[in-house]
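Numbering-wise (this note's numbering), the sequence shown opens with residue 1365 and increments by one. Cβ coordinates follow ideal geometry from the N, Cα and C atoms, glycine included. Here the structure is a predicted model, which is why all the values come from computation and not from measurement. Quick notes on the structure that follows.
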Amino acid sequence: MAPKSKAAKTSSTSSPATAPFKAGFAVEVNSDDDGFRGSWFTGKIIRRLVNDRFVVEYDNLMADESGSKRLREILKLHQLRPIPPVEAGREFKFGDEVDAYHNDGWWEGHVTEECGNGRFAVYFRVSREQIVFQKEELRLHREWFDENWVPPFENQQHQQQEQEKVLLAPNVKSAETVMPDMKSAQIVTLDVKSAQTVTLNVKSDEIVNEEERFRVGTPVEVSSDEEGCQGAWFSATVIQVIRKGKFLVEYQSLLANDDSQLLRKEVDTHHIRPHLPQTVVNGHFSLLEEVDAFHNNVWWIGTVSKVLDNSRYVIYFRNRSEELEFQHSKLRKHQDWIDGKWIMPSKVDKAEQSHDEPAEMVNNQENMPRRSSRARFASQILKDFVME
């Protein structure tokens, strides 16, 4: 969040993208910090700095434990968006992508179970945990792109026209030129606890089951929390079961630093899953459908932003704010591996899931990161970036 070096001074002229974000403007803020990815907190613009950076004061995050002063941070344009309108009377169903309100912020997840009495179990991909929420604590997940909400609100004017142009950028780059060359990606274990009243815990017997599932020689897919690798799944093979919940894997396409052999890394149960069987998708992918796109021998999570002719699609990658064009053959339906079964986050019926036993939910008081954990950002750095 805090800049690593002092930015060079540039013109103070606002670009069209930054024009709405003036002093006093209410915003939601997305963080790049470990433990806060996939969350949105409300605040207001205090001032605009150079290089499309902004000083933002949070509404509910405090600078210290006493709670006497609101936290201020320097943020980049891509971390800000307007506060979405309140949508009253929204009904939710299995597979819906939602934001769940907890610890003064909105956290991105998707509905994995309708629990009755207006309660829904929500799975959080970043923390790999599941929590039950009341309907009033949920909202449909939307993206702010090109000054439009996607999907649009029902009362939005010219809804059909906006759906036609949703997420369409003027420069759609070639899929051969955008994604980084991840020859020596590192695997970083995310240790973030989710929260409220009900949580999914990895128990010892579940870990044993994982060891049985991921035996030596098993083809798997591996994820990484490293910067630039979020949303990617790398093909690998289990080389060794090190201990409970720990595996040594060898990547199929990543090389070690000296390029002499394939990269080997230790991963835990949160970052490994079975190899997703290749399925043939008849027909076509739909607008806004969540997919995995195959590029540079890696599967990347994205969203269909435009359906083109000749079985081609424009895919939007939110973690990189990029759009690329892909052939139908380079795409697959996105699925999450949750408690021993494959689950599609949207447009899915429960009957399509594996028939494994449902996840056991237990009471747990461990929480997502709270407001005081973000107070490490020093406010004195603000003066170095204020426009003169």
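> Under the DSSP definition of a beta bridge, which residues are partnered with N1394?
Replying inline: W1404
>> Does Q1443 pass the burial test, meaning 16 or more other C-beta atoms within 10 Å, or should it be called exposed?
In response: So Q1443 counts as buried.
>> I'd like the list of long-range same chain contacts for V1490, defined as Cβ closer than 6 Å, with 5 residues on each side in sequence excluded.
In response: Apart from sequence neighbours up to five positions away, the residues of its chain that approach V1490 with a beta-carbon distance below 6 Å are R1401 and G1402, ordered along the chain.
> When the Cα of N1660 is compared with those of D1397, E1472, L1688 and D1398, which residue comes out closest?
Replying inline: Per the Cα distances, L1688.
>> Tell me the DSSP secondary structure of V1694 in three-state form.
In response: Note that residue 1694 corresponds to Lys in the displayed sequence, not to Val. The answer is helix: DSSP assigns K1694 an H, G or I state.
> What did DSSP end up calling R1628 once you bin it into helix, strand or coil?
Replying inline: Under the three-state reduction of DSSP, R1628 is assigned to strand.
> If you count every other CB in all the chains shown that lies within 10 Å of the CB of K1670, and 16 or more means buried, which is it?
Replying inline: buried
> With burial defined as no fewer than 16 other Cβ atoms inside 10 Å of the residue's Cβ, what is the status of S1558: buried or exposed?
Replying inline: Low confidence applies here, because S1558 scores a pLDDT of 35, under 50, leaving its location unreliable; read the following figure in that light. The residue is buried, with at least 16 neighbouring Cβ atoms inside 10 Å.
> Straight-line CA distance for Q1642 to V1613?
Replying inline: 21 Å
> Does the Cβ-Cβ distance between G1469 and F1405 come in under 7 Å?
Replying inline: yes
> Taking just the CA atoms, how far does F1578 sit from D1623?
Replying inline: 27 Å
> Which residues share a DSSP beta bridge with N1674?
Replying inline: N1674 is not bridged to any residue.
> Which value, in whole angstroms, describes the spacing of the CA atoms of D1632 and K1610?
Replying inline: 5 Å
> W1701 to P1449, Cα distance in whole Å?
Replying inline: 32 Å
> Around the Cβ of F1488, are there at least 16 other Cβ atoms within 10 angstroms (buried) or fewer (exposed)?
Replying inline: buried
> Could you give the C-beta distance for A1761 and V1662, rounded to a whole number, given that I count them as a contact under 8 Å?
Replying inline: The question about residue 1761 has no answer, for the chain in this structure spans 1365 to 1752.
> To the nearest angstrom, how far is it from the Cα of R1445 to the Cα of F1509?
Replying inline: 9 Å
>> Could you check whether F1484 and F1456 sit closer than 7 Å to each other, using their CB atoms as the reference points?
In response: yes
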